[in-house]
Structures are given as C-alpha cells and as structure tokens.
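**Student:** Just passing along the structure, written as structure tokens.
2 protein chains.
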Amino acid sequence: MTIRIGILGYGNLGRGVECAIKHNPDMELAAVFTRRDPGSVNVLTAGVKVYSADEAPLKKDEIDVMILCGGSATDLPVQTPEMAKYFNVVDSFDTHAKIPQHFDAVDKTAKESGHVGIISVGWDPGMFSLNRLYGNGILPGSADYTFWGKGVSQGHSDAIRRIDGVKDARQYTIPVESALESVRSGSNPNLTTRQKHTRECFVVAEEGADLRKIEDTIINMPNYFADYDTTVHFISQEELQQNHSGIPHGGFVIHSGKTGWEDENNHVIEYHLKLDSNPEFTSSVLTAYARAAYRLNQEGQRGCKSVFDVAPAYLSSLDGAELRRRLL
Amino acid sequence: MTIRIGILGYGNLGRGVECAIKHNPDMELAAVFTRRDPGSVNVLTAGVKVYSADEAPLKKDEIDVMILCGGSATDLPVQTPEMAKYFNVVDSFDTHAKIPQHFDAVDKTAKESGHVGIISVGWDPGMFSLNRLYGNGILPGSADYTFWGKGVSQGHSDAIRRIDGVKDARQYTIPVESALESVRSGSNPNLTTRQKHTRECFVVAEEGADLRKIEDTIINMPNYFADYDTTVHFISQEELQQNHSGIPHGGFVIHSGKTGWEDENNHVIEYHLKLDSNPEFTSSVLTAYARAAYRLNQEGQRGCKSVFDVAPAYLSSLDGAELRRRLL
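Taken in order, these protein sequences are the chains called A and B. Its first residue numbered 1, the first sequence is counted upward by one per residue in the numbering used here. Its first residue numbered 1001, the second sequence is counted upward by one per residue in the numbering used here.
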C-alpha cells in the first residue's frame, strides 16, 4: 500500500513535490489541485489528474496527505487549517512572527477532524530549526548562529524589480567568510547584520534608465539593503538568463558551546546545506514529513506539530530494526 | 522540580555527565555509583554521595534517570538491562554489530518494569546517526559518507601501547581532505578505507627499543593500521604530555543527493563536529537524552528506544510554544 499524496498549488514547490515522490517508492501522486484553470496545468506524472482547488474536499477519501505548496503571505494561513478538515496536511509556512497563530489554527481543525498537520517544514524553518534545537539541547546556554547563502533571495530580487527603470534582477545573499570563521573558532562573537551577510545584485536595466539612481535606490532601500554592504552589477538580459537562472540556496547553522567543570573545553557543531534548487530541496523535506504525518495519524495522533515534535524515524520508510542496523 | 540523575561509572564519561548537569538547571546530580571502593572516589559536586554499584537498586526512588557511563565491551551489555529494572536509563553503547541484541535486552526489562531506556546515545552512534537518518529521509536513495577526525582513537592508541618497546602512544584519525572535497562535490565517489582516512601516531619508545621494528609493527598491524596510510613519529614522554594529552575528536556526515524530474539538481548536506573533548561531548548528549527519557516515561511510555525514536523537542527544557517562538 502506498501513501497517496495530493498537491495543492502547482508552482516551483508543487513541481518539486511531484519530483520528490519519484524518489519515494512508498508514495504515489494521487492528484494535483490548482486555483488556476485545471485545463491549463500540465503535470509531469503520467495519468495524474489536475482539479480545481475547490474540488479538494471531494477527494478526501482518495488522498492520505495533502502537501500545501502555496505562499506563506496569503495562501497557507487560509488553506492549511481549511485542508486539515479533510486531510493530513504538511506545509512550509515561514512567516516567523505568525507561526503561533498558524499553529493554533491548524491544531484546531486538525484535532476536530482527527488529522495530523505538520507546519513550517523545509530547511529554514525546518532542518535549520532542528539543528538549532539539537544544539541547544546538547549544549544549553550556548550561542547559535544562522547564516544564509550563498543563494538567491526571491524577496530581495522582487524588491529590486519594483524599482523604476529595472527590467529584471537577481539578488544573492552571501555569508561573510570572516564571520563564519569567527563563529567556528568558538569565540561567540556579537555580529551585526552587516558583519554577517553581504548582498550582491545583478540588474537588467531598461534602455536609457539612470543606472546611478537605480544603484542608489537599491543600496539605500530600508530593511532590504540599507543595513548591508551591497554590490550592484548591471548586466544584459542574456547574461542574467545564462548565469543567474537557477535558484540555489543554502546556509549554515553553527552552534558552539563549552563543557567541563570550568568550561575549559569548546565544541563546534556545524550544519551546512548547499542546494542547487531551493524549492526542490524544500519539497523533498515536505515529502519526507508527509510520510511522518501519515504514519503518526495511523497511530492515532491528531493535531498540529512542527518538526520538533516528530521523531526522526517517522521520516524513513524503513522500520525500526532496519534503521538501527543500517544507520545507527 | 528537578530531574534527579544518577551516574553509574565515574570515569571520563561519568565526570562529563557531572559537568553537563551544571549546565542544565532543570537537573541535579543525585548520586554516583562505582564498582571501585566508594571511599576512593571524589566527585566534583559538593554534597553528592558515592555508593557502591551494588547499592543502586536501593536508590530507585531517589533517582529519575540513571546514566550508564561504563564501556560497551563488558559493562553496558550487563548493566543497562539490569538498571532498567529500577530506573529510566540512558547509555552510549557503541558496539554496532551487537545493537539489536542490546536493544532487545533493554527493551525486555524496561517494559517489564515500566521504564524508558535510550541506548547508543552520543555522537557516533548518536548525532551522526541522526544526520544519516535525516539525510536518507529527505533525499532517499542517495549516498551518505561518514568521516571521523581529526581525533584521538583510544582503541588504536591502546593497540600501539601493547607493542613491545612502546611506553606510551597517541593515535589520531584524520579524514583525507581530497576525499571530503570529492564527496562535497556530489560526485558520489567510491572510496576505499585508505582513501578516506589517514592515521598519525605519536609514540614514546622505551630506551634502547628498536624504533624501526616498532614502526613496522604499527604500520602493518591488521585491522588497525594495515589498510591505512600511517605515519609514525617518535617523541619524548614530555612532548606527548604537553601536546597530545587532550582527547579531541569529531568528524563529518555528508549526504548528497539529486532532485528534479531528471535528477538535474544536486544537494549537499554536511554535518560537522569539532570537539575539544570526545567524552565530555558524549556526556552532554547523554544528559540531554536523560531529560527525554524522563519526560517520555512521565507520559507513560516504556521500553527501549534509540535517538531515532525520540522527537527533538524532548531534549530541551523549553516547552513547545517557547521552542517554536525561539528556535523554529
């Protein structure tokens, strides 16, 4: 018996989930749901049907876990609690300040309907959160540092694209190597925003645009760039297409702490992700947690969980004895 | 109410647990048990009593979790199932081939007595195992690689010390940088034992010993050194004392895998530990899992578990809402 997965939202993340299911023989893609015209959406998997998002509840007996692939700003706050009425659900909700209320909303409908919902799954929040938690659990009272990149920030790229005279843009967030080194040394440095990351922008300007003005606007943009050392490169649309069309990302969680009666020994725990495709990796994490949601629900659990609440064994299709034999 | 911890076995690991408890305000050291003469053992924590190991069962109402700090060869196979009759237990059992039978033995007595036992806790097995499991769960069907070092191998150091003419010795296991790089590149290389690690030995010879013969014996020692590129340095006892008295260790778990419809994107997950003190870090992991054992048992669970079976939230003294707010 395979776990039947539904995808709601067929953008980069939805397609990533579809690809991840190929790597998980214990799962099958049951259906894709979209808010676009279903006839306009072509999925990769032969024989899989596309339905309107409104029809999802009708498929509640044909899908074990619905993976929500919408955005955190407006889609997930509505969709995840709603879908938890009919399905076990997994999402990648990443608006940090709103996690408590999202958790409560999903918990309520999931408990009422007897489903499991796992929210904020991906790499940050997600795998990075896990590493912050394990680090703090093992070496409590110590400092942890999260660095992002080198990778494309969609939000910052969008912010540049909204500037007058900009045709297209791509922004990379880059951790500062000397900051990484100082954290790795165990010195527990206090690092400002500027000391941790730099921002590099590749911009395609419209013909005749005032490049100097665009650059100034970027560099001084509050919240997005003003607190960082930012570099701006003007390039052609062709060059952008050729060298900057991927969506790589990644980063580091570094936790350092002391042990010993007089805190005489230092320890550094470093977790590093280097991802060719940010959405596809996030999708792979979502898919693994879909297995967990299904199995937890089979065991009688219900309500909302985060990655913190899921024992690692639930992510694997192997049973306990096999896991201990192969991976412990 | 604090969690009352007992320590059985007061060597490096036991002392490490004692130090770790200092960093965990929700725990207290209740008692230390030893197979030596209790009068000969001086602990660091004021007011804590040392008892004979035989007396442990008498303290069953005064201790919430017993952390077993003996060796895997002969101590733990007997002690952990025995102590699970009276306490929740945590151990660092690391004889890989015997984990299934150890698991079953602990499971049996822990279930009968209504306790939780968590075995094979530390960094390998332990944190490294978790990273192998998370990697395999997220990117199934991909390769993972474990490298150890740079660090002191106690077993290899002991093997050298047993050679005729050797007074003292310290052996470092060192991962080969080019092997690390080839794994990080995502090329999924097939690496031989020799390609993954080198071994570096610092040896204090007895006066008049045949150095050439000692070196040959080390380099050609089956299982321990014959399959590795090994370097031998003869040094004085003073130099050994001054430069090689620590017990650092660490290593890498690197998991790389592909995503995308045609496996076109590569991802590298790297976990790296750099530890000044191997036993103290292991002790810190044991202590965090002692909290988990206690809390799981409070929730009514019983029987044997590994790190795979414990949801990460149980390692922290913070509650779910606080964890989501601070670390998710």
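Beta carbons: idealized from backbone N, C-alpha and C, even for Gly.
So which residues on chain B does A:His-197 lean against when the C-beta distance must stay under 7 Å?
**Tutor:** By one-based count along the first sequence, residue 197 of chain A stands at place 197. Here the premise fails: no neighbours, minimum Cβ distance about 20 Å.
**Student:** Going by alpha carbons, who is nearest to A:Val-32 out of A:Asp-263, A:Gly-70, A:Thr-230 and A:Phe-147?
**Tutor:** By one-based count along the first sequence, residue 32 of chain A stands at place 32. Closest by alpha carbon: A:Gly-70.
**Student:** Measure from the C-beta of B:Arg-1325 to each C-beta in chain A and report whether the shortest distance is under 8 Å.
**Tutor:** In the second sequence, counting from the first residue as 1, residue 1325 of chain B sits at position 325. Taking Cβ atoms only, chain A reaches closer than 8 Å to B:Arg-1325, which makes this a yes.
**Student:** According to DSSP, what are the bridge partners of B:Tyr-1145?
**Tutor:** As a working note, residue 1145 of chain B is residue 145 in the second sequence. DSSP, once it has assigned bridges, lists B:Ile-1254 as partnering B:Tyr-1145.
**Student:** Under 8 Å by Cβ, that's how I've got A:Gly-114 and A:Ile-63 pegged, so tell me the actual separation to the nearest angstrom.
**Tutor:** The residue given as residue 114 of chain A occupies position 114 in the first sequence. The residue given as residue 63 of chain A occupies position 63 in the first sequence. Actually they are not in contact, since the Cβ atoms of A:Gly-114 and A:Ile-63 sit about 15 Å apart, beyond 8 Å.
**Student:** Quick one: any contact between the segment 1255-1262 of chain B and the segment 271-290 of chain A, if contact means 3 or more CB pairs under 8 Å?
**Tutor:** Verdict: yes, contact present.
**Student:** Which of the three DSSP states, helix, strand or coil, is assigned to A:Tyr-224?
**Tutor:** Position 224 of the first sequence, counted from the start, is the residue given in the question as residue 224 of chain A. A:Tyr-224 falls in the coil class under three-state DSSP.
**Student:** Can you list the residues of chain A that B:Leu-1187 reaches, using a CB-CB cut of under 8 Å?
**Tutor:** As a first step, residue 1187 of chain B must be located in the second sequence, where it is residue number 187. Checking the displayed sequence, the identity of residue 1187 of chain B turns out to be Ser instead of Leu. Near B:Ser-1187 there are no residues of chain A at all, since even the closest Cβ is about 14 Å away, more than 8 Å.
**Student:** Pick from B:Ile-1067, B:Asn-1265, B:Gly-1208 and B:Arg-1199: whose alpha carbon is nearest that of B:Asn-1223?
**Tutor:** As a position in the second sequence, residue 1223 of chain B is number 223, starting the count at 1. Among B:Ile-1067, B:Asn-1265, B:Gly-1208 and B:Arg-1199, the Cα nearest to that of B:Asn-1223 belongs to B:Arg-1199.
**Student:** Could you say which of B:Ala-1020, B:Gln-1079 and B:Met-1001 lies nearest to A:Glu-264 if we only look at CA atoms?
**Tutor:** On the first sequence, residue 264 of chain A is found 264 positions in, with the first residue counted as 1. That would be B:Ala-1020, whose Cα lies nearest to the Cα of A:Glu-264.
**Student:** Taking only three categories from DSSP, how would you classify A:Phe-93?
**Tutor:** Position 93 of the first sequence, counted from the first residue, corresponds to residue 93 of chain A. Three-state result, A:Phe-93: coil.
**Student:** B:Tyr-1271 versus chain A: which residues are under 9 Å apart at the beta carbon?
**Tutor:** Position 271 of the second sequence, counted from the first residue, corresponds to residue 1271 of chain B. Neighbours of B:Tyr-1271 on chain A, chain order: Asn-131, Ile-269, Glu-270, Tyr-271 and His-272.
**Student:** For A:Ser-92 and chain B, any beta-carbon pair shorter than 8 Å?
**Tutor:** The residue labelled residue 92 of chain A in the question sits at position 92 within the first sequence. Chain B, which has no Cβ nearer than 8 Å to the Cβ of A:Ser-92, makes this no.
**Student:** Are the C-beta of B:Cys-1201 and some C-beta of chain A separated by less than 8 Å?
**Tutor:** In the second sequence, counting from the first residue as 1, residue 1201 of chain B sits at position 201. No, B:Cys-1201 does not count as interfacial toward chain A.
**Student:** Within 8 Å (strictly less), CB to CB, does A:Gly-341 reach chain B?
**Tutor:** This structure gives no information on residue 341 of chain A, because the portion of chain A shown stretches from 1 to 328.
**Student:** On the premise that B:Ile-1219 lies in contact with B:Thr-1230, defined as a C-beta separation below 8 Å, what is that separation, rounded to the nearest angstrom?
**Tutor:** Translated into positions along the second sequence, residue 1230 of chain B becomes position 230. Translated into positions along the second sequence, residue 1219 of chain B becomes position 219. Going by Cβ atoms, the distance from B:Thr-1230 to B:Ile-1219 rounds to 5 Å, so yes, they are a contact pair.
**Student:** For B:Thr-1034, is the classification buried or exposed, using 16 other Cβ atoms within 10 angstroms of its Cβ as the cut-off for buried?
**Tutor:** Here residue 1034 of chain B corresponds to residue number 34 of the second sequence, with the count starting at 1. Buried: at least 16 other Cβ atoms inside 10 Å.
**Student:** If contact means a Cβ-Cβ distance below 9 Å, which residues of the segment 1011-1030 of chain B contact chain A?
**Tutor:** Listed in sequence order: Arg-1015, Gly-1016, Glu-1018, Cys-1019, Ala-1020, Lys-1022, His-1023, Asn-1024 and Pro-1025.
**Student:** Over the uninterrupted alpha helix (DSSP H) stretch that includes B:Gly-1155, give me the two end residues.
**Tutor:** Reading the second sequence from its first residue, position 155 is the one you call residue 1155 of chain B. Note, B:Gly-1155: alpha helix (DSSP H), 1154-1161.
**Student:** Would a check of beta-carbon distances place A:Pro-77 closer than 8 Å to chain B?
**Tutor:** Counting from 1 along the first sequence, the entry for residue 77 of chain A is found at position 77. Judged by the 8 Å Cβ criterion, A:Pro-77 is not in contact with chain B.
**Student:** So the beta strand (DSSP E) A:Ile-247 belongs to, where does it begin and stop?
**Tutor:** As a working note, residue 247 of chain A is residue 247 in the first sequence. Unbroken run through A:Ile-247: none, as it is neither H nor E.
**Student:** Could you please give me the residues that DSSP links to B:Lys-1305 through a beta bridge?
**Tutor:** In the second sequence, counting from the first residue as 1, residue 1305 of chain B sits at position 305. BP columns for B:Lys-1305 point to B:Ile-1118.
**Student:** Examine chain A for any beta-carbon lying closer than 8 Å to the beta-carbon of B:Asn-1243, and answer yes or no.
**Tutor:** The sequence position of residue 1243 of chain B within the second sequence is 243, counting from 1. Chain A contact via Cβ: absent.
**Student:** Short of 7 Å in beta carbon distance, which residues of its chain neighbour A:Gly-165, apart from the five on each side in sequence? Order them along the chain.
**Tutor:** In the first sequence, counting from the first residue as 1, residue 165 of chain A sits at position 165. For A:Gly-165, where only same-chain residues beyond five positions count, the Cβ hits under 7 Å are Ala-205, Glu-206, Ala-209, Asp-210 and Ile-214.
**Student:** Would B:His-1244 pass as a contact of B:Arg-1184 if the rule is Cβ separation under 8 Å?
**Tutor:** Residue 1244 of chain B sits at position 244 when you count from the first residue of the second sequence. Residue 1184 of chain B sits at position 184 when you count from the first residue of the second sequence. Their beta carbons are not under 8 Å apart, which means B:His-1244 does not touch B:Arg-1184 by this criterion.
**Student:** Can you pull the chain A neighbours of B:Ile-1099, defined as C-beta to C-beta under 9 Å?
**Tutor:** To locate residue 1099 of chain B, count along the second sequence from 1; it is residue 99. Here the neighbours are Arg-324, Arg-325 and Leu-328.
**Student:** Name the chain A residues whose beta carbon is nearer than 8 Å to that of B:Asn-1088?
**Tutor:** Indexing the second sequence from 1 puts residue 1088 of chain B at position 88. What B:Asn-1088 touches in chain A: nothing, since even the nearest Cβ is about 17 Å away.
**Student:** In chain A, what lies closer than 7 Å to B:Trp-1261 by C-beta?
**Tutor:** Looking up residue 1261 of chain B in the second sequence gives position 261. Per Cβ cutoff of 7 Å: Cys-19 and Leu-44.
**Student:** I'd like to know whether the C-beta atoms of B:Ile-1003 and B:Arg-1291 end up nearer to each other than 8 Å.
**Tutor:** Residue numbering aside, residue 1003 of chain B sits at position 3 when the second sequence is read from its first letter. Residue numbering aside, residue 1291 of chain B sits at position 291 when the second sequence is read from its first letter. Contact: yes.
**Student:** Check for me: the beta strand (DSSP E) holding B:Lys-1167 runs from which residue to which?
**Tutor:** Reading the second sequence from its first residue, position 167 is the one you call residue 1167 of chain B. Where B:Lys-1167 is concerned, the enclosing beta strand (DSSP E) stretches over 1166-1175.
**Student:** Below 8 Å on the Cβ atoms is my guess for B:Asp-1168 versus B:Leu-1240; work out the distance and round it to an integer in Å.
**Tutor:** Within the second sequence, the letter at position 168 stands for residue 1168 of chain B. Within the second sequence, the letter at position 240 stands for residue 1240 of chain B. At roughly 6 Å, the Cβ-Cβ gap stays under 8 Å, so B:Asp-1168 and B:Leu-1240 are in contact.
**Student:** Within 8 Å of any Cβ in chain A, is that where the Cβ of B:Phe-1147 sits?
**Tutor:** As a first step, residue 1147 of chain B is located in the second sequence; it is residue number 147 there, counting from the start. For B:Phe-1147, the answer is no, since every Cβ of chain A falls outside 8 Å of its Cβ.
**Student:** Nearest by alpha-carbon distance to A:Gly-300: which of A:Gly-117, A:Ile-99 and A:Asp-54 is it?
**Tutor:** Position 300 of the first sequence, counted from the first residue, corresponds to residue 300 of chain A. Answer by Cα proximity: A:Gly-117.
**Student:** For A:Asn-24, tell me which candidate among A:Thr-193, A:Leu-286, A:Lys-49 and A:Asn-266 has the shortest Cα-Cα distance.
**Tutor:** Your numbering for residue 24 of chain A matches position 24 in the first sequence. Looking at the Cα atoms, A:Leu-286 is the closest of the given residues.
**Student:** Could you check whether the segment 80-89 of chain A touches the segment 50-69 of chain A, counting it as contact only if at least three pairs of C-beta atoms, one from each stretch, sit closer than 8 Å?
**Tutor:** A contact exists between the segment 80-89 of chain A and the segment 50-69 of chain A.
**Student:** Tell me whether A:Pro-38, by its Cβ, gets closer than 7 Å to a heavy atom of the ligand ZN.
**Tutor:** Here there are no bound small molecules, and the ligand ZN is not part of this structure.
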